[in-house]
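To keep things clear, I will list the structure first and then write my remarks on it.
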Amino acid sequence: LAALRYRQGPNVGSPGSGNDFWPGPLTIDGTAAISEAECAARDKLYAISRSEIDEFVAWWDNKAAYPGYQIPNSIADWPAHGDPSQKQSYYLAPFFDRSGDGEYNPEEGDYPYYDLSNELCHSTTPTKEAEEGIVNGGLLADQVIKGDATLWWVFNDKGNIHTETQGTPIGLEIRAQAFGFATNDEINNMTFYSYEIINRSTYRLTGTYFSQWVDTDLGFATDDYVGCDVDRGLGYSYNGKPKDGDGQFWAYGDQPPAIGVDFFQGPYMDPDGSDNPSFKGDGKLGPSFNGDCSIVGLHGSSLNMQYGEDGELSGNFIIKSEAINGVNFGNGIVDDERFGMRRFVYHNNADAPGPYMQDPKYAPQYYNYLKGIWLDNTKMLYGGNGHISTGAYGPECDFMFPGDTDVCDWGTEGLPPNGPKYWTEEVAQNKEGDRRFMQSAGPFVLEPGAVNYITVGIPWARAASGGPWASVKLLQVVDDKCQLLFDNCFAVVSGPNAPDLTIRE
Numbered sequence: 326l327a328a329l330r331y332r333q334g335p336n337v338g339s340p341g342s343g344n345d346f347w348p349g350p351l352t353i354d355g356t357a358a359i360s361e362a363e364c365a366a367r368d369k370l371y372a373i374s375r376s377e378i379d380e381f382v383a384w385w386d387n388k389a390a391y392p393g394y395q396i397p398n399s400i401a402d403w404p405a406h407g408d409p410s411q412k413q414s415y416y417l418a419p420f421f422d423r424s425g426d427g428e429y430n431p432e433e434g435d436y437p438y439y440d441l442s443n444e445l446c447h448s449t450t451p452t453k454e455a456e457e458g459i460v461n462g463g464l465l466a467d468q469v470i471k472g473d474a475t476l477w478w479v480f481n482d483k484g485n486i487h488t489e490t491q492g493t494p495i496g497l498e499i500r501a502q503a504f505g506f507a508t509n510d511e512i513n514n515m516t517f518y519s520y521e522i523i524n525r526s527t528y529r530l531t532g533t534y535f536s537q538w539v540d541t542d543l544g545f546a547t548d549d550y551v552g553c554d555v556d557r558g559l560g561y562s563y564n565g566k567p568k569d570g571d572g573q574f575w576a577y578g579d580q581p582p583a584i585g586v587d588f589f590q591g592p593y594m595d596p597d598g599s600d601n602p603s604f605k606g607d608g609k610l611g612p613s614f615n616g617d618c619s620i621v622g623l624h625g626s627s628l629n630m631q632y633g634e635d636g637e638l639s640g641n642f643i644i645k646s647e648a649i650n651g652v653n654f655g656n657g658i659v660d661d662e663r664f665g666m667r668r669f670v671y672h673n674n675a676d677a678p679g680p681y682m683q684d685p686k687y688a689p690q691y692y693n694y695l696k697g698i699w700l701d702n703t704k705m706l707y708g709g710n711g712h713i714s715t716g717a718y719g720p721e722c723d724f725m726f727p728g729d730t731d732v733c734d735w736g737t738e739g740l741p742p743n744g745p746k747y748w749t750e751e752v753a754q755n756k757e758g759d760r761r762f763m764q765s766a767g768p769f770v771l772e773p774g775a776v777n778y779i780t781v782g783i784p785w786a787r788a789a790s791g792g793p794w795a796s797v798k799l800l801q802v803v804d805d806k807c808q809l810l811f812d813n814c815f816a817v818v819s820g821p822n823a824p825d826l827t828i829r830e
């Protein structure tokens, strides 16, 4: 297991106070190794912007129109290649290879790979590593650079011992992007993070989960609440008081915002040879349940379903309830389905309602939280604070504080709650505090040499009135807009041009 909580432990050297990740790519010979010197050499972020690439391509296409143009360092120094002498993959950061020779050379028109024409949308074009058999399952559409402004870096979990979790290193190489879009709407206030996760070890990783550990500190850190929206796959934090803070200049004050984390593109699910039906799709390209909650009880079964423009097509399909908040279900493509949020667990920095809901310290505790299991090895329960000692009434559940968003009781395997269904921190009568949450997706299998991809977004919204909960409601609207952006392969949709206006006197 590998995790990071930004050295939140009580003392240097104690569990939860160290690192499980280090800079740099790993060897591809099965040892999944890296030297200290190589870690230090790769300890950097590479910044690039869409506008730089647009200008570069325009210059390449018509050099006479750009006299004096010089290739910027961000393009010239792009980390396109690893070091084969260190047994690293030759291909590292994605680049557009104009000549197709496998070499990154901006002087020959190569550049950091933005999908400028959006031609890779939903394509199965392999990455260069996948073409050469270095990895299994690499997809160029997921690997390319995203956004209008981007930071790219590479890190691993084998650079040293795991002083954060005391866990056994796995052998993961992770290529990361942080990116944003320059727009005139809510998307301008958001950041996004994409991860290409490669298993460089010889281990077959079963029961694999990926999670964001989130300490929102929404303005003033100790007056927050958290919750989740099961249908959207959204975890969020909002203020527990009408006013954020006690007058600090850095606090939000009146009408504070809400912030969320969403698996807009979670990890790919294990293949099953089926285009698993969607939950709310239109049923044209593949079958859909049209919002019918029977999908929960039918999970894992095979069902003959109709689809098409007029329902003229039919076939047998394997049902997966992950369609409730996952993506790529019922789209006519076999085995491209991706998880959404599968667990939502909160814990407290201090003064937790019970000893079972505090910060994890050791690898098994982290892994249990990924699966919705408390520090005392009991499963999370519906109601109260999710534990029998804090007013929970059951049954076992996967999502804490969902409000009324788990319409199908998916998180309780189709069983209705044994008490009130509407469940929030306010209902639990919690005191606001310094909240953290873990929002996980999985399980899936990661074979040796296999790749998986994850993209999460951080939507933000601040309502003009109505109190903290009004900001949560606005956050849900913003999150829907974000999901459309992802479903459209990051193409920012522009509105129609303004009409021509003629004024006559």
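In this note's numbering, the protein residues as written are 326 to 830. Glycine is no exception: its CB is placed at the ideal position from the N, C-alpha and C atoms.
- For Trp-385, there is no enclosing beta strand (DSSP E); the residue is found in the alpha helix (DSSP H) stretching over 375-386.
- In the DSSP assignment, Cys-553 falls within the unbroken beta strand (DSSP E) covering 549-554.
- When only Cα atoms are considered, Asp-540 and Phe-346 end up about 18 angstroms apart.
- For Phe-669, the enclosing beta strand (DSSP E) stretches over residues 668-673.
- Residue nearest to Ser-626 within the set Ser-765, Lys-798, Ser-646 is Ser-646 (criterion: CA-CA distance).
- Nearest to Ile-584 by alpha-carbon distance, out of Pro-793, Leu-465, Pro-773, is Pro-793.
- Listed in chain order, the non-local C-beta contacts of Phe-545 below 6 angstroms within the same chain comprise Asp-569, Gly-570, Ala-576, local neighbours out to five positions each way being set aside.
- Membership of Leu-695 in the alpha helix (DSSP H) is indicated by the continuous run 688-695.
- By the Cβ-count criterion, Cys-722 is buried, with 16 or more other Cβ atoms from all chains shown falling within 10 Å of its own Cβ.
- Rounded to whole angstroms, the gap between the alpha carbons of Arg-529 and Ile-470 is 28 angstroms.
- Straight-line measurement puts the Cα of Trp-385 at about 46 angstroms from the Cα of Ile-649.
- Fully enclosed alpha helix (DSSP H) runs of no fewer than 4 residues occupy 398-401 of the stretch 382-449, in order along the chain.
- Taking the C-beta atoms as reference points, Gly-709 is found no nearer than 7 angstroms to Asn-656.
- By the Cβ test, the stretch 604-623 is in contact with the stretch 653-672, since at least three Cβ pairs between them sit closer than 8 angstroms.
- The secondary-structure analysis by DSSP pairs Pro-451 across a beta bridge with Leu-464.
- When the beta-carbon positions are compared, Thr-493 and Gly-343 stay at least 7 angstroms from each other.
- Residue pairing for Arg-525: DSSP places it in no beta bridge.
- If you draw a 10 Å sphere on the C-beta of Phe-574, you find fewer than 16 other C-beta atoms in it, and that means exposed.
- In the three-state reduction of the DSSP assignment, Tyr-778 falls in the strand class, which pools E and B.
- The three-state reading of DSSP puts Ala-328 in coil, since its state is none of H, G, I, E or B.
- In terms of Cα proximity to Thr-475, the closest of Gly-484, Arg-500, Gly-462, Asn-481 is Arg-500.
- Three or more pairs of CB atoms, one per stretch, sit closer than 8 angstroms, so the stretch 767-787 contacts the stretch 581-597.
- Around the beta carbon of Gly-633, fewer than 16 other beta carbons sit within 10 angstroms, so the residue counts as exposed.
- According to DSSP, residue pairing for Asn-615 in a beta bridge does not occur.
- Remark: C-beta atoms of Gly-739 and Val-621 approach each other more closely than 7 angstroms.
- Ala-788 places its beta carbon less than 7 angstroms from that of Ser-796.
- Pro-773 and Phe-726 have their C-alpha atoms some 37 angstroms from each other.
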